[in-house]
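Undergrad: Taking my numbering, the leading residue of the sequence shown gets 4, the next gets one more, and so forth.
Note that the Cβ used here is the ideal one computed from N, Cα and C, for glycine as well.
The structure is given below, and queries will be raised subsequently.
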Amino acid sequence: MTTSPQEPPAEHPQETPPDAARQEPEIAPAEAAPLEESNAPLEPTEAPEPAEPVAEADAAANAAPAAVEENAPAADAFPLVDTAAAEERRRKRLLAALVLVLLALCGVGGLFVRYLRRPQPLPELLPVAVEVNYPPHYLFAIYDVDGPLGVALSPMGGRLYVTEGGGDRLVKIFDTQGSLLGSFAPPRTTAAQRSPVYIATDVQGRVFVTDRLQHAIFVYDRDGHYLDTILSPSLTLSEYIAKHTGSPPARGTFAYNIFEEEVYYQDEEGTEQTLPRPDRAAWAPLGVAFDPAGRMIVTDVARDNHRVLVFPMETIARADWTDFAPQVFQFGSFGEADDQFQFPNKALVDAQGRFVVSDGNNGRLSVWNADGQLLSLLGSGGGEGGLNLPRGMAFDDRQRLHVVDAVGQVVRVYDFAKEQPAFLYAFGAMGTLEGQFNYPNDIAIDAHGRLYIADRANNRVQVWSY
4 MTTSPQEPPA EHPQETPPDA ARQEPEIAPA EAAPLEESNA PLEPTEAPEP AEPVAEADAA
64 ANAAPAAVEE NAPAADAFPL VDTAAAEERR RKRLLAALVL VLLALCGVGG LFVRYLRRPQ
124 PLPELLPVAV EVNYPPHYLF AIYDVDGPLG VALSPMGGRL YVTEGGGDRL VKIFDTQGSL
184 LGSFAPPRTT AAQRSPVYIA TDVQGRVFVT DRLQHAIFVY DRDGHYLDTI LSPSLTLSEY
244 IAKHTGSPPA RGTFAYNIFE EEVYYQDEEG TEQTLPRPDR AAWAPLGVAF DPAGRMIVTD
304 VARDNHRVLV FPMETIARAD WTDFAPQVFQ FGSFGEADDQ FQFPNKALVD AQGRFVVSDG
364 NNGRLSVWNA DGQLLSLLGS GGGEGGLNLP RGMAFDDRQR LHVVDAVGQV VRVYDFAKEQ
424 PAFLYAFGAM GTLEGQFNYP NDIAIDAHGR LYIADRANNR VQVWSY
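Encoded structure:
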């Protein structure tokens with residue numbers, strides 16, 4: 004059976020009711036006036052035409068916009084005055100915003116010029132107090148050193164002094180970009196007879212170097228010329244010679260070597276003379292530093308007598324040490340108790356006058372008041388702030404204490420600006436790559452936020468910056 008095909012429904016227009024075509028538009032009846040019943044015949048001319056109301060409505064609709072347009076100027080006369088005032092206000096606001104932007108640019112430009120003239124950490128440049136603590140970043144390394152142990156900067160920060168634990172065991176002088184300027188060592192000693200460790204400079208630029216083999220502190224001028232030797236807490240070499248000869252020796256004309264039986268000096272005629280070597284003192288200076296008041300602070304690791312010695316500025320600052328006799332203040336003893344030391348490596352003084360000691364073999368920092376009474380311990384135990392073998396330390400100008408952890412292979416940083424010191428962060432890791440450490444030992448920080456770290460087993464000094 005054949006079925007007629009059906010067209011798709013979509014193609015069928017919607018069906019219109021049969022009467023729809025005969026219906027008037029809906030609008031016409033709505034607008035036509037109702038007819039009153041009347042017996043009078045209607046005038047054909049007055050009969051309402053269905054299309055006329057629509058036409059009139061269309062005409063009215065089309066005429067309305069024209070009427071509005073014709074009356075627009077008159078209607079907008081007063082708003083034009085308001086628009087002009089608003090435009091003036093907008094112009095003033097834009098001008099004020101432009102002035103503020105220019106002032107901000109001037110401020111940023113001033114900070115940039117100041118940074119170019121004196122580079123320093125950004126928070127130090129800002130004119131508002133900013134509490135920001137972040138680790139420094141690695142810059143470069145200074146080589147041409149053999150097993151560096153101690154680092155120190157000249158008072159103005161232009162020179163870096165580095166002690167060597169290997170090779171010729173010299174003290175080397177670099178500029179802060181790493182160029183070698185010179186080297187020096189105690190007179191009349193060989194590499195096998197000396198062992199420089201820690202180093203410090205005073206406000207006069209003199210260089211103080213502790214020597215573990217010589218059991219002494221050797222003192223030099225800024226260029227490495229020998230000045231004197233501190234043989235004990237109460238005796239210098241120049242004083243010893245002056246007492247035995249009746250006159251002080253001339254600068255650079257005497258020498259001391261603990262491995263020799265005699266002390267050498269030149270008399271007034273320039274002839275070399277000798278004296279019996281003084282008895283070896285019962286001390287073993289290790290760390291040396293200067294506090295803001297000019298006092299010299301030494302850690303002593305003599306057998307069973309580990310302590311901190313504080314030499315008064317009045318004695319140390321003198322150019323003539325033939326009458327040494329300082330009133331030395333000391334605290335601490337050997338042991339594991341909270342108020343004892345086992346190989347204290349470095350002792351510093353913070354801005355509040357507290358002593359901070361890196362207690363090496365006890366794996367901690369101990370904090371003492373100005374009278375030598377223990378206040379607190381830091382770094383003992385585990386965690387990020389825990390210390391393994393703390394050695395060299397340095398404060399920056401924000402009172403952040405940087406502690407070199409020789410076994411932890413990092414530098415740990417503590418906040419000492421507040422009453423209760425607290426751990427902040429650590430940086431570095433074990434290795435031989437840039438920014439990695441291999442038994443670091445000491446640190447120095449300059450006024451621009453640069454850190455100089457003795458990376459002993461990597462035979463270099465690393466330079467970092469905030």
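Give every residue of the same chain whose Cβ lies closer than 7 Å to the Cβ of residue 262, excluding the five residues on either side of it in the sequence, and list them in chain order.
TA: Numbered from 1 along the sequence shown, position 259 holds the residue referred to as residue 262. Contacts found: 196.
Undergrad: Compare the beta carbon distance of residue 446 and residue 414 with 8 Å and say whether it is the shorter of the two.
TA: For this step, residue 446 is matched to residue 443 along the sequence shown. For this step, residue 414 is matched to residue 411 along the sequence shown. A contact, by the Cβ cut-off of 8 Å.
Undergrad: From what residue to what residue does the alpha helix (DSSP H) around residue 241 run?
TA: Within the sequence shown, residue 241 is the residue found at index 238, counting from 1. First-last of the alpha helix (DSSP H) with residue 241: 240-248.
Undergrad: Which residues does DSSP list as the beta-bridge partners of residue 260?
TA: For this step, residue 260 is matched to residue 257 along the sequence shown. Looking at the DSSP assignment, residue 260 forms no beta bridge with any residue, so it has no partner.
Undergrad: Can you tell me which residues form a DSSP beta bridge with residue 182?
TA: Here residue 182 corresponds to residue number 179 of the sequence shown, with the count starting at 1. Beta-bridge pairing links residue 182 to no other residue.
Undergrad: What does the alpha-carbon distance come out to for the pair residue 273 and residue 253?
TA: Counted from its first residue, the sequence shown places residue 273 at position 270. Counted from its first residue, the sequence shown places residue 253 at position 250. Rounded to whole angstroms, residue 273 to residue 253 spans 10 Å at the Cα level.
Undergrad: Am I right that residue 153 and residue 202 are in contact with their C-beta atoms under 8 Å? What's the rounded C-beta distance?
TA: Locating residue 153 in the sequence shown gives position 150, where the first residue counts as 1. Locating residue 202 in the sequence shown gives position 199, where the first residue counts as 1. Contact holds; Cβ gap of about 4 Å.
Undergrad: From this set, 150, 426 and 301, which residue's C-alpha is nearest residue 3's C-alpha?
TA: In the structure as shown, the chain starts at 4 and stops at 469, and residue 3 therefore has no counterpart that could be examined.
Undergrad: Using the Cα positions of residue 237 and residue 328, report the straight-line distance between them to the nearest angstrom.
TA: Taking the first residue of the sequence shown as 1, we reach residue 237 at position 234. Taking the first residue of the sequence shown as 1, we reach residue 328 at position 325. Going by the C-alpha atoms only, they are around 5 Å apart.
Undergrad: In three-state DSSP terms, what is residue 444?
TA: As a first step, residue 444 must be located in the sequence shown, where it is residue number 441. In the structure shown, residue 444 sits in a strand (DSSP, three-state: E or B).
Undergrad: Have a look at the DSSP bridge pairing and note the partners of residue 415.
TA: For the purposes of this step, residue 415 is identified with residue 412 of the sequence shown, where counting begins at 1. Its beta-bridge partners are 406 and 429.
Undergrad: Residue 322: buried (16+ other C-beta within 10 angstroms of its C-beta) or exposed?
TA: Start at 1 with the first residue of the sequence shown, and residue 322 comes out as number 319. Label assigned to residue 322: exposed.
Undergrad: Can residue 139 and residue 361 be called in contact, C-beta distance under 8 Å?
TA: Walking along the sequence shown from the start, residue 139 turns up at place 136. Walking along the sequence shown from the start, residue 361 turns up at place 358. Contact flag unset, no.
Undergrad: Near residue 276, which residues of its chain fall below 6 Å by C-beta distance, leaving aside the five closest residues on each side in sequence?
TA: By 1-based counting over the sequence shown, the position of residue 276 is 273. So the list reads 268 and 270, once near-sequence residues are dropped.
Undergrad: Based on the DSSP secondary-structure assignment, which residues constitute the bridge partners of residue 319?
TA: By one-based count along the sequence shown, residue 319 stands at place 316. Paired residues: none, contrary to the question.
Undergrad: By Cβ distance below 6 Å, which residues in the same chain neighbour residue 171 in space, the five residues on each side in sequence not counted?
TA: Start at 1 with the first residue of the sequence shown, and residue 171 comes out as number 168. The residues are 194.
Undergrad: Work out the CA separation of residue 318 and residue 326 for me, nearest whole Å.
TA: In the sequence shown, the residue the question calls residue 326 occupies position 323. In the sequence shown, the residue the question calls residue 318 occupies position 315. Between residue 326 and residue 318, the C-alpha separation is close to 9 Å.
Undergrad: Shortest alpha-carbon distance to residue 184 belongs to which of 163, 249 and 387?
TA: Along the sequence shown, one-based indexing puts residue 184 at 181. Checking every option, the nearest Cα to that of residue 184 belongs to 163.
Undergrad: Across the segment 245-252 and the segment 291-306, are there enough close Cβ pairs to call them in contact, namely three or more that are closer than 8 Å?
TA: No, the segment 245-252 is not in contact with the segment 291-306.
Undergrad: How long is the line joining the alpha carbons of residue 429 and residue 260, rounded to whole angstroms?
TA: Residue numbering aside, residue 429 sits at position 426 when the sequence shown is read from its first letter. Residue numbering aside, residue 260 sits at position 257 when the sequence shown is read from its first letter. The straight-line gap from Cα to Cα measures roughly 41 Å.
Undergrad: Cβ atoms of residue 175 and residue 182: under 8 Å apart, would you say?
TA: Here residue 182 is taken as the residue at index 179 of the sequence shown, counted from 1. Here residue 175 is taken as the residue at index 172 of the sequence shown, counted from 1. No, Cβ-Cβ distance for residue 182 and residue 175 is not below 8 Å.
Undergrad: Exposed or buried, residue 178, counting other C-beta atoms within 10 Å across all chains shown (16 or more means buried)?
TA: The residue given as residue 178 occupies position 175 in the sequence shown. Counting Cβ neighbours within 10 Å, residue 178 comes out exposed, since fewer than 16 surround it.
Undergrad: What does a CB cutoff of less than 6 Å around residue 291 pick up in its chain, not counting 5 residues either side in sequence?
TA: Residue numbering aside, residue 291 sits at position 288 when the sequence shown is read from its first letter. Only 201, 203, 211, 213 and 301 meet the Cβ criterion.
Undergrad: Going by DSSP, what residues sit across from residue 352 in a beta bridge?
TA: Numbered from its first residue, the sequence shown carries residue 352 at position 349. DSSP output for residue 352 lists 358 as bridge partner(s).
Undergrad: For residue 457 versus residue 165, is the C-beta spacing smaller than 8 Å?
TA: Along the sequence shown, read from residue 1 onward, the residue named residue 457 stands at position 454. Along the sequence shown, read from residue 1 onward, the residue named residue 165 stands at position 162. Taking 8 Å as the Cβ cut-off, residue 457 and residue 165 qualify as a contacting pair.
Undergrad: To the nearest angstrom, report how far apart residue 98 and residue 113 are at their CA atoms.
TA: Numbered from 1 along the sequence shown, position 95 holds the residue referred to as residue 98. Numbered from 1 along the sequence shown, position 110 holds the residue referred to as residue 113. Roughly 23 Å separates the two Cα atoms.
Undergrad: Under the DSSP definition of a beta bridge, which residues are partnered with residue 275?
TA: Numbered from 1 along the sequence shown, position 272 holds the residue referred to as residue 275. Per DSSP, 269.
Undergrad: According to DSSP, is residue 91 part of a helix, a strand, or is it coil?
TA: Taking the first residue of the sequence shown as 1, we reach residue 91 at position 88. Helix at residue 91.
Undergrad: Taking residue 234 as the reference, give the member of 228, 423, 208 and 287 with the closest Cα.
TA: Start at 1 with the first residue of the sequence shown, and residue 234 comes out as number 231. Considering only alpha carbons, the answer is 287.
Undergrad: Quickly, what does DSSP pair residue 292 with across the bridge? List them, please.
TA: Counting from 1 along the sequence shown, the entry for residue 292 is found at position 289. Beta-bridge pairing links residue 292 to 300.
Undergrad: Taking only three categories from DSSP, how would you classify residue 148?
TA: Start at 1 with the first residue of the sequence shown, and residue 148 comes out as number 145. If DSSP states are grouped into helix, strand and coil, residue 148 belongs with coil.
Undergrad: Among residues of its own chain, excluding the 5 on either side of residue 10, which ones have a beta-carbon nearer than 7 Å to its beta-carbon?
TA: Reading the sequence shown from its first residue, position 7 is the one you call residue 10. Caution is warranted here: a pLDDT of 42 is assigned to residue 10, below 50, making its placement in the model unreliable, and the coordinate value is therefore given only provisionally. There are no such residues.
Undergrad: From this set, 294, 296, 265 and 379, which residue's C-alpha is nearest residue 283's C-alpha?
TA: Position 280 of the sequence shown, counted from the start, is the residue given in the question as residue 283. Of 294, 296, 265 and 379, the residue nearest in Cα terms is 265.
Undergrad: From residue 380 to residue 109, what distance separates their C-alpha atoms?
TA: Numbered from its first residue, the sequence shown carries residue 380 at position 377. Numbered from its first residue, the sequence shown carries residue 109 at position 106. Distance between the alpha carbons of residue 380 and residue 109 is about 48 Å.
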